[in-house]
């Protein structure tokens, strides 16, 4: 199946993800509902909430994942009604508003100063009036669609300017003290050069730990089973292509299943790499390997912006089975020689 020199590379770069012309962005870290479902696959999402969201209005809204927008000019409550905050009040995005307690969530930790760096993926840059981030209040029922009254009355973070870097706005905010556990972070990006604003719901679990590790971008690929001998390499590199880390794992006969090689790969990264970890951060700030690619996150210990690639270098193709030698055709039975017709006895004269 795999040629010896076959190679496939997944790279996360600003232009690598298609989007609609009218789209302008969403929260990438911690990942928004719409972008998370998009990365699962619009036509065949894997999580139950994303499947349910697609069932509401079909998959087309996920292809326009960066288009959850309205024209409120700052008057957001007038344009985005209760129960429809995650969709921005746009009917074709209503699947994002489903009240559920099982939306895929990102575990987040503050740094040693109590800050967290949010990342807004901007498919088109604009002049910023403000970014505002709200958090759900204590006691919010996650099985109910989000209302304005479910959010704290004031944003825990408001920034009036942001610098675009590699297609992203990096927004450093102090996480609110005492807020732990499962929450929804509601982000508003209001433009200054237009009445347009964008909205995003991020499902998170705040573990209360402090860490030096910073989450990178989501891994935009679903892991598949791989043959023994397949070499899988995680590269983390800077804008000039210089590797910060390059860690490889070769699939064994015991780890061909996706869950097994992903877990083994994460263990190897965490064992061998100095500046990179693969997994999910726990309540103690440790990065713990997970058994699905989508559940794992890539963390770096540097504030510098990095990209990453996952390279698959194919295993040797198995030798084809020889064509069996056909059995010799049987010798045909010879046609019997006919018995000669006897000469009749002449009639006597």
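Residue numbers (mature numbering (1 follows the signal peptide of the UniProt record, and there is no 0)): -23 to -1, 1 to 326.
Cβ atoms here follow ideal geometry from the backbone N, Cα and C, with glycine treated the same way.
Where does residue 58 land, buried or exposed, given buried means 16+ other C-beta within 10 angstroms?
The count along the chain shown starts at 1 and reaches residue 58 at position 81. Residue 58 comes out exposed.
Could you check the C-alpha separation between residue 160 and residue 206 for me, to the nearest Å?
Here residue 160 refers to the residue found at position 183 when the chain shown is read from its first residue. Here residue 206 refers to the residue found at position 229 when the chain shown is read from its first residue. Answer to the nearest angstrom: the Cα atoms are 42 Å apart.
CB of residue 63 within 8 Å of CB of residue 16, strictly:
Stepping through the chain shown from its first residue, residue 63 is reached at position 86. Stepping through the chain shown from its first residue, residue 16 is reached at position 39. For residue 63 and residue 16, no; Cβs fall outside 8 Å.
I'd like the span of the beta strand (DSSP E) that includes residue 226, first residue to last.
Here residue 226 refers to the residue found at position 249 of the chain shown. Looking at the DSSP string, the run of the beta strand (DSSP E) that includes residue 226 is 220 to 227.
Identity of the residue in 134, 156 and 184 nearest residue 150 by Cα
The residue labelled residue 150 in the question sits at position 173 within the chain shown. Ranking 134, 156 and 184 by Cα distance to residue 150 puts 134 first.
Distance check for residue 144 and residue -8, CA to CA, integer angstroms please.
Position 16 of the chain shown, counting from 1, holds the residue named residue -8. Position 167 of the chain shown, counting from 1, holds the residue named residue 144. Because the pLDDT at residue -8 is just 36, under 50, the model does not fix this residue reliably, and the value given afterwards should be weighed accordingly. If you take the alpha carbons of residue -8 and residue 144, they lie about 11 Å apart.
By how many angstroms is the C-alpha of residue 104 removed from the C-alpha of residue 70?
Here residue 70 is taken as the residue at index 93 of the chain shown, counted from 1. Here residue 104 is taken as the residue at index 127 of the chain shown, counted from 1. Between the C-alpha atoms of residue 70 and residue 104 there is a straight-line separation of about 25 Å.
The beta strand (DSSP E) with residue 149 in it runs from where to where?
Position 172 of the chain shown holds residue 149. Counting along the chain, residue 149 sits inside the beta strand (DSSP E) bounded by residues 145 to 151.
Let me confirm a value: residue 9 is counted as buried when at least 16 other C-beta atoms fall within 10 Å, else exposed. Which label applies?
In the chain shown, residue 9 corresponds to position 32, counting from 1. By the Cβ neighbour-count rule, residue 9 is buried, with 16 or more other Cβ atoms within 10 Å of its own.
Are the CB atoms of residue 174 and residue 339 within a distance shorter than 8 Å?
Because the chain in this structure spans residues -23 to 326, residue 339 falls outside the shown range and cannot be described.
Look at the alpha carbon of residue 146 and the alpha carbon of residue 93, and state the distance between them as a whole number of angstroms.
One-based indexing of the chain shown puts residue 146 at position 169. One-based indexing of the chain shown puts residue 93 at position 116. Those two C-alpha atoms are separated by around 13 Å.
Are the CB atoms of residue 225 and residue 251 within a distance shorter than 8 Å?
Looking up residue 251 in the chain shown gives position 274. Looking up residue 225 in the chain shown gives position 248. Not a contact, by the Cβ cut-off of 8 Å.
Ignore the nearest five residues each way along the sequence and tell me which others in residue 139's own chain have a CB closer than 8 Å to its CB.
In the chain shown, residue 139 corresponds to position 162, counting from 1. The residues are 97, 105, 108, 146, 147 and 148.
Looking at C-beta atoms only, is the number of pairs between the segment 180 to 192 and the segment 79 to 87 that lie closer than 8 Å three or more?
Because the criterion of three Cβ pairs below 8 Å is met, the segment 180 to 192 and the segment 79 to 87 touch.
Minimum length 3: unbroken beta strand (DSSP E) runs contained in the segment 222 to 272
Counting only runs of 3 or more, we get 253 to 258.
May I ask whether a heavy atom of the ligand MN can be found less than 7 Å away from the beta carbon of residue 58?
You won't find the ligand MN in this model; it holds no ligand whatsoever.
Looking only at its own chain, which residues have a Cβ that is under 7 Å from the Cβ of residue 167, when we skip the five neighbours before and after it?
For the purposes of this step, residue 167 is taken as residue 190 along the chain shown, with counting starting at 1. The beta carbon of residue 167 lies closer than 7 Å to those of 51, 106, 107 and 174 in the same chain, with the five residues before and after it left out.
List in chain order: all unbroken alpha helix (DSSP H) runs of 4+ residues lying wholly within the segment 31 to 68.
Within the segment 31 to 68, the complete alpha helix (DSSP H) runs of at least 4 residues are 37 to 40 and 53 to 56.
Beta-carbon contacts of residue 76 that lie in its chain and below 6 Å, excluding the five residues immediately before and after:
Stepping through the chain shown from its first residue, residue 76 is reached at position 99. Same-chain partners within the cutoff: 120, 121 and 122.
Does DSSP classify residue 72 as helix, strand or coil?
For the purposes of this step, residue 72 is taken as the residue at position 95 of the chain shown. It is helical.
Cβ atoms of residue 284 and residue 264: under 8 Å apart, would you say?
Start at 1 with the first residue of the chain shown, and residue 264 comes out as number 287. Start at 1 with the first residue of the chain shown, and residue 284 comes out as number 307. Contact flag unset, no.
Give the C-beta separation of residue 260 and residue 186 to the nearest angstrom, bearing in mind that I take them to be a contact with Cβ-Cβ under 8 Å.
Taking the chain shown and counting its residues from 1, one reaches residue 260 at position 283. Taking the chain shown and counting its residues from 1, one reaches residue 186 at position 209. The beta-carbon separation of residue 260 and residue 186, rounded to 6 Å, stays under the 8 Å limit for a contact.
Let me check one thing: in DSSP terms, what residues is residue 187 bridge-paired to?
By one-based count along the chain shown, residue 187 stands at place 210. Partner(s): 87.
Could you tell me which residues DSSP pairs with residue 135 in its beta bridges?
Sequence index remark: in the chain shown, residue 135 carries index 158 (1-based). Note: residue 135 sits in a beta bridge opposite 109.
Taking the continuous beta strand (DSSP E) assigned at residue 211, which residues delimit it?
The count along the chain shown starts at 1 and reaches residue 211 at position 234. From DSSP, the beta strand (DSSP E) with residue 211 extends over 208 to 214.
Return the first residue and the last residue of the alpha helix (DSSP H) that residue 11 is part of.
For the purposes of this step, residue 11 is taken as the residue at position 34 of the chain shown. Counting along the chain, the alpha helix (DSSP H) containing residue 11 begins and ends at 10 to 17.
Tell me, please, whether the segment 267 to 286 touches the segment 187 to 197 by the rule of three or more beta-carbon pairs shorter than 8 Å.
The segment 187 to 197 and the segment 267 to 286 touch, with three or more beta-carbon pairs separated by less than 8 Å.
In or out: residue 203 buried (at least 16 other Cβ within 10 Å) or exposed?
Locating residue 203 in the chain shown gives position 226, counting from the first residue. The residue in question, residue 203, is buried, as its Cβ has 16 or more Cβ neighbours within 10 Å.
Take residue 172 and list the residues in its own chain whose beta-carbon comes closer than 6 Å to its own, dropping the five residues that flank it on each side.
By one-based count along the chain shown, residue 172 stands at place 195. Exclusion of the five residues before and after residue 172 leaves 48 and 50 as the residues of its chain whose Cβ lies within less than 6 Å of its Cβ.
Residues sharing a beta bridge with residue 285, DSSP
Numbered from 1 along the chain shown, position 308 holds the residue referred to as residue 285. The partner list for residue 285 (beta bridge, DSSP) reads 213.
According to the neighbour-count rule (16 or more other Cβ atoms, all chains shown, within 10 Å of its Cβ), is residue 201 buried or exposed?
Counting from one through the chain shown, the residue named residue 201 turns up at place 224. Flag for residue 201 reads exposed.
If you compare alpha carbons, which of 4, 25, 234 and 22 is closest to residue 45?
Within the chain shown, numbered from 1, the residue matching residue 45 stands at position 68. If we check each option's Cα against that of residue 45, 4 comes out closest.
Considering Cα atoms alone, identify which of 272, 280 and 290 is closest to residue 23.
In the chain shown, counting from the first residue as 1, residue 23 sits at position 46. Residue 23 has its Cα closest to that of 272, out of 272, 280 and 290.
Looking at the secondary structure, which residues open and close the beta strand (DSSP E) in which residue 160 lies?
What you label residue 160 is simply residue 183 of the chain shown in a count that begins at 1. DSSP places residue 160 inside the beta strand (DSSP E), whose first and last residues are 158 to 168.
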